[in-house]
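Top to bottom, those sequences are chains A and B. Under my numbering, the residue at position 88 of the first sequence is numbered 88, and the numbers go up by one with no gaps. Under my numbering, the residue at position 490 of the second sequence is numbered 701, and the numbers go up by one with no gaps. Here a beta-carbon is modelled for each residue, glycine too, at the ideal position from N, C-alpha and C. Treat the numbers as computed from the prediction; the structure is a model and nothing was measured. Each remark here refers to the structure printed beneath this line.
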Amino acid sequence: MESSADPTNPTQTRLLSEVRDSANARAWADFHRIYAPMVGGFLQRMGLSDADVDDATQEILMVAHTALRDGSYDRSKGKFRGWLYGVARNKAKEAHRHRRRPSRARWAAAEGEIDLLSGLEDKSGEAEQQMWEQEWRCSLLAEAMRQVEHTLGQNVYPAFMLYAVQRMPVDEVAKELRISVSSVYVYKQRALEAIRNWVAQFEAEVEMPKH
Amino acid sequence: MGRPVRGRSGDAQALIADCPSLEALESFHRGETPASEADQVRAHLDSCAKCRDRTLGIQEDISLLDDIRLAVQRNRSQIKSPTLGGRLDRGTRVGSYEIEELLGAGGMSRVYRAKHIDTDQLVALKLLREEHLASAEGRARFDREAKTMTTLKHPYILTVHDCIQDHGRIALVMELLPGRSLREWIASQREEKRTPDPVRIVEVTIQAAKGIGLAHRAGLVHRDIKPSNLLLDEEDNVKVSDFGVVQALESTTWVTGTGRQIGTPAYMSPEQCKGERANPASDVYSLGVTLFELATGRLPFEVDGGSPLAQMLRHISDTPPDPVRFNHKLSDRLASIILRCLEKDPQHRFDNGQLLADELEALARDHAEQAEPAEARKTGWTINLQSVRQQIENLPQRSIVAWACRLARRVESLNSDSRVRRALELAEASVGCSGGDDQPTSTRILAHMQGLRAASLAAAEADGDASEASVASARAAAAASSAAAARCTADAAADAVFALQNAFTACRRGKLPVTTFWRETQKDYRRLNEARLGAPGTIGHPLPEGFWEASGPHATAGD
């Protein structure tokens, strides 16, 4: 997937309005890239089969797209992802009605969440919401990393990935990248800040657009 | 490490003295700090509100990082990881070597410490990165380095023992150095806020220039001279390394493709920045930038944000600042050598590494000799006058006089007063004169010589502005004529020793090579000793013709 990173045009911050207001192909691609993995990840954890996940994801995103364009998503009612959660949850339930309940083995395969089976039966849907939030956070961070990677100086992103994410010993990272140990620390912090800022900006401007 | 904690394990002392580093606080929060140090961190947090605030940020960082790791796990295919492909693990065999540890990595290759499986010899193995194995350019570059390095043998060039190929891998077997380069050297100077020592800087640069000079003589240009390519061995001698982008002077095409910039912007010559062909003077420029950095702790052209293009433009058009501005200890002469290396026009620089080395050596020599008097007194160059005197007392008086005259002659050039020369001439003549029976002649000569001796001394003191060297030279001559006028061997020996003492001073102050002087003077002594000149039966005869010839008369004065 080609990157849409362009420091002069912070596409993401106007993402939803662009998706809504125009037939902007790039905005749609960006929208898809961020929201599809999150919706897909959620549906998977809701116990849908791989084939169902792909179909359902496409459908949900189409609904979201249409809703953004014809105004049936009313931002005054809350966060976009909250609205999208409702759509995705309904879709998952609908899929479940058509199919048998997921096997216990399938739940076990989803890492560390064996006890979520009871969560699914929980009418309040608290566990589902947690899964949704977690998927959202993963998608958003993945996108943030994509976006900040090219805006950071040489070696900053690799130092961050190797040292902070992959937890390679700091002196090995320094050797690998031919930088000093103190630079590794500085770069890690710099990348982390960039990601944090990107996420904060996105959440402020996209998820809670100002009127 | 006396600095505040930097590593994950931390430094207990520093924890108390200073606020712990972010990394130390982080490992504390993760529970990774050793128990002994954890108490101290806890104690510090109790007493330091600032650090307590910092820990809030750290908790956020940690949870953000945990989320990021999860995101990476979930989105493995989408999130780019730095390519570490082909990194060899400990114990991997490459030819007859076993990988021990990664020492460093560059864009094209990685360097490992490796051990020969039979001999246990430790070497540095430089392996071309896997992603470049298939590329023709990467391969050509590596082959070129292999070929160059195995032919270039010099104490100041990194030794390459062999080039091996194994299972599609290609590796250079190189000598293993402690792993420090001038880059780390500069960094440590900067960290310790030390003003660089000009003598050491010059020494290091001479070595680098000589190493590069050899490549130039072989018709090669290094093209990427910079501190990180100048390694240091155990004795802190320089080893020029990384001949990966070396270019043959005579080649008609660029192996790396026409117009493609090779080098590192911060150290690149203006002609390289313009995409023109590099020449030996380009290496001199890059070494000049390195020398500037060694001497001042900064680059001649610093660019905010390190934009390579801005850097290159400055090399092309900006005048470098005077290095003395950043280090007042630098002599004007060293500064002008640095600035000559940094001339825009290659023809105005030193043509090659060796010429730069020569110039720096001349500078070092002059510095050393200026510093010598104090140094000489401290070290072995104090003459044991007592012992010299005992030795020359064994010679006949006439030989002692001949010897004293010889050594005074060696420093004669330092004093142009004619009285000094005449005193010496007469003293020398006395050696060939018959003594004994011919009392009147001898008395007359004696009287005359004493007069000349006085005159010679007067000449020494006459000019208030006379240099110490010239005064010492006159005194040496006066002492030699004194020896000629002496009434006994013991007196002559005492005078000769005084002549020697003054001649030494004259040599040092007059910048004549002291060791050569002393070697020649010793040779004279041996010759006279063997000839038994002046022994009974030889008195009254002139020195045999060509007596001094073999040792070269007045050799030193003109050296």
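**Message:** Run through chain B and tell me which residues come within less than 7 angstroms of Glu-203/A, C-beta to C-beta.
**Reply:** None at all; the shortest Cβ gap to chain B is about 13 angstroms.
**Request:** Below 8 angstroms on the Cβ atoms is my guess for Ala-36/A versus Thr-66/A; work out the distance and round it to an integer in Å.
**Result:** Their Cβ separation, rounded to whole angstroms, is 16 angstroms, which puts Ala-36/A and Thr-66/A out of contact at 8 angstroms.
**Check whether Leu-441/B and Val-432/B have beta carbons under 8 angstroms apart** = Not closer than 8 angstroms, so no.
**Prompt:** Three-state secondary structure (DSSP) at Ala-704/B?
**Reply:** helix
**Asked** Expressed to the nearest angstrom, what Euclidean distance is found between the alpha-carbon atoms of Arg-324/B and Thr-330/B?
**Response** For Arg-324/B and Thr-330/B, the distance between alpha carbons rounds to 15 angstroms.
**Bounding residues of the beta strand (DSSP E) (the contiguous stretch that carries Ile-310/B)** = 308-316
**Message:** For Pro-511/B, tell me which candidate among Ile-269/B, Phe-537/B, Asn-490/B and Thr-266/B has the shortest Cα-Cα distance.
**Reply:** Phe-537/B
**Item:** First and last residue of the uninterrupted beta strand (DSSP E) at Tyr-323/B
**Value:** Its beta strand (DSSP E) spans residues 320-327.
**Request:** Have a look at Ala-697/B and Ala-690/B and give me their C-alpha separation to the nearest angstrom.
**Result:** 10 angstroms
**Request:** Indicate whether at least one CB of chain B lies closer than 8 angstroms to the CB of Arg-196/A.
**Result:** yes
**Request:** Give me whichever residues DSSP pairs with Met-385/B in a beta bridge.
**Result:** Ala-335/B and Val-371/B
**Request:** Rank Leu-723/B, Pro-607/B and Leu-574/B by C-alpha distance to the C-alpha of Leu-618/B and give the top, closest one.
**Result:** Leu-723/B
**Item:** Own chain, CB closer than 6 angstroms to Ala-688/B, minus 5 neighbours either side, in chain order
**Value:** Ala-619, Val-631, Ala-634, Leu-635 and Ser-667
**Prompt:** Do you know offhand how far Gln-400/B's Cα is from Ser-392/B's?
**Reply:** 13 angstroms
**Message:** So, does the segment 559-568 of chain B touch the segment 485-495 of chain B, judging by three or more C-beta pairs under 8 angstroms?
**Reply:** yes
**Request:** Could you pull the start and end residues of the alpha helix (DSSP H) that Lys-450/B belongs to?
**Result:** First-last for Lys-450/B: 449-451, but that is the beta strand (DSSP E), not the alpha helix (DSSP H).
**Asked** In chain B, which residues lie with their C-beta within 8 angstroms of the C-beta of Gly-41/A?
**Response** Arg-285
**Asked** Would Asn-90/A be called buried (16 or more neighbouring beta carbons within 10 Å of its own) or exposed?
**Response** exposed
**Prompt:** Rounded to a whole number of angstroms, what is the C-alpha to C-alpha distance between Ala-704/B and Glu-639/B?
**Reply:** 16 angstroms
**Item:** Partner residues on chain B for Ala-36/A, Cβ-Cβ distance less than 7 angstroms
**Value:** Those within 7 angstroms of Ala-36/A in chain B number zero; the least Cβ separation is about 11 angstroms.
**Contacting residues, own chain, Cβ-Cβ under 7 angstroms from Gln-418/B (five flanking each side not counted)** = Tyr-367, Asn-448 and Val-449
**Message:** Quick check: the segment 303-315 of chain B against the segment 184-191 of chain A, are at least 3 beta-carbon pairs closer than 8 angstroms?
**Reply:** With a cut-off of 8 angstroms, the segment 303-315 of chain B and the segment 184-191 of chain A do not count as touching, because too few Cβ pairs lie within range.
**Asked** What are the boundary residues of the alpha helix (DSSP H) that includes Leu-61/A?
**Response** 50-70 is the extent of the alpha helix (DSSP H) around Leu-61/A.
**Prompt:** Using a beta-carbon distance below 8 angstroms, is Ala-109/A in contact with chain B?
**Reply:** Because Ala-109/A sits at a pLDDT of 44, beneath the cut-off of 50, its placement in the model cannot be relied upon, and the point is left open.
**Message:** Could you tell me the alpha carbon to alpha carbon distance between Leu-116/A and Gln-134/A, rounded to whole angstroms?
**Reply:** Residue placement at Leu-116/A is flagged as unreliable, the pLDDT there being 40, under the threshold of 50; the coordinate-derived value follows with that caveat. Computed Cα separation, rounded: 14 angstroms.
**Message:** I'd like to know whether the C-beta of Ile-279/B is nearer than 8 angstroms to at least one C-beta of chain A.
**Reply:** yes
**Asked** Are the C-beta atoms of Gly-315/B and some chain A residue less than 8 angstroms apart?
**Response** Cβ-Cβ to chain A under 8 angstroms: yes for Gly-315/B.
**Asked** For a contact meaning CB atoms closer than 7 angstroms, what does Ala-88/A contact in chain B?
**Response** Per Cβ cutoff of 7 angstroms: no residues; Ala-88/A is ~17 angstroms from chain B at best.
**Prompt:** Taking C-alpha atoms, which residue in Asp-735/B, Gln-608/B and Thr-716/B lies nearest to Asp-706/B?
**Reply:** Gln-608/B
**Asked** Can you tell which of Ala-347/B, Ser-320/B and Val-682/B has its C-alpha closest to the C-alpha of Glu-341/B?
**Response** Ser-320/B
**Prompt:** In chain A, what lies closer than 7 angstroms to Ala-235/B by C-beta?
**Reply:** Here the premise fails: no neighbours, minimum Cβ distance about 10 angstroms.
**Prompt:** Along chain A, which residues have their Cβ under 7 angstroms away from the Cβ of Leu-275/B?
**Reply:** The answer, in chain order, is Leu-192 and Arg-196.
**Message:** Taking the alpha helix (DSSP H) that Thr-236/B belongs to, which residues open and close that run?
**Reply:** Before going on, a small fix: residue 236/B reads as Leu here, not Thr. Unbroken alpha helix (DSSP H) run through Leu-236/B: 233-240.
**Message:** Does any residue of chain B have a CB that is nearer than 8 angstroms to the CB of Ala-29/A?
**Reply:** no
**Item:** Contact list for the segment 169-180 of chain A against chain B, Cβ threshold 8 angstroms
**Value:** Val-170, Glu-172, Lys-175, Glu-176, Leu-177, Arg-178 and Ser-180
**Prompt:** Mind pulling the chain B residues with CB within less than 7 angstroms of Leu-141/A?
**Reply:** For Leu-141/A, the chain B residues whose Cβ falls inside 7 angstroms of its Cβ are Asp-278, Ile-279 and Ala-282, in order along the chain.
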